[in-house]
Amino acid sequence: MDSFAVLAEPTRRRILDELRHAESNVGDLVETLAISQPTVSKHLKVLREAGFVSVRIAAQQRMYHIELEPLAQVDEWLAPYRRMWTKHLDALERHLDTLE
-2 MDSFAVLAEP TRRRILDELR HAESNVGDLV ETLAISQPTV SKHLKVLREA
48 GFVSVRIAAQ QRMYHIELEP LAQVDEWLAP YRRMWTKHLD ALERHLDTLE
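Just so we're aligned: 3 in our numbering is position 6 of the sequence shown, and the numbers increase by one with no gaps anywhere.
Here it is in structure tokens:
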């Protein structure tokens, strides 16, 4: 699945936001996000298949943690747009400086 299609879903973004702080199991995510266990599991499966999260077994729990590579690819795709905005904002700043 395309990275942007994965990230388009708000619940998946919320899960990634939580995993950004620390790895979690499904139960912790259910409690933190206040959504059902089947919903969390469904979205974790999509995130795992797309490479955004990975899982490790710890005793009888599956601990999910974020993987940075897919996010780095998204960041790389966004870089030219970030440069474009920086260029336009710099031009705006120069224009406003001339008005003073």
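Beta carbons: idealized from backbone N, C-alpha and C, even for Gly.
- What first and last residue would you give for the beta strand (DSSP E) that runs through Ile98? Because residue 98 is not part of the residues shown, which for the chain are -2 to 97, the question remains open.
- Is the beta carbon of Ser38 sitting closer than 8 Å to the one on Arg45? no
- Query: Touching or not, the segment 9 to 26 and the segment 70 to 80, by the rule of three or more beta carbon pairs under 8 Å?
  - Reply: Flag = no, the segment 9 to 26 and the segment 70 to 80 do not touch.
- Item | beta strand (DSSP E) segment containing Met60, residue limits | Gln58 to Ile63
- Item | DSSP-derived helix/strand/coil call for Ala47 | Assigned with DSSP and collapsed to three states, Ala47 falls in coil, not helix or strand.
- Item | Sheet register partners of Val52 (DSSP bridge) | Tyr61
- Nearest to Leu65 by CA position, among Asp94, Thr29, Arg59 and Ala47, is which residue? Ala47
- Query: At what residues does the alpha helix (DSSP H) containing Glu15 begin and finish?
  - Reply: Start and end: Pro7 to His18.
- Query: Does the beta-carbon distance from Leu16 to Ile63 come in below 8 Å?
  - Reply: yes
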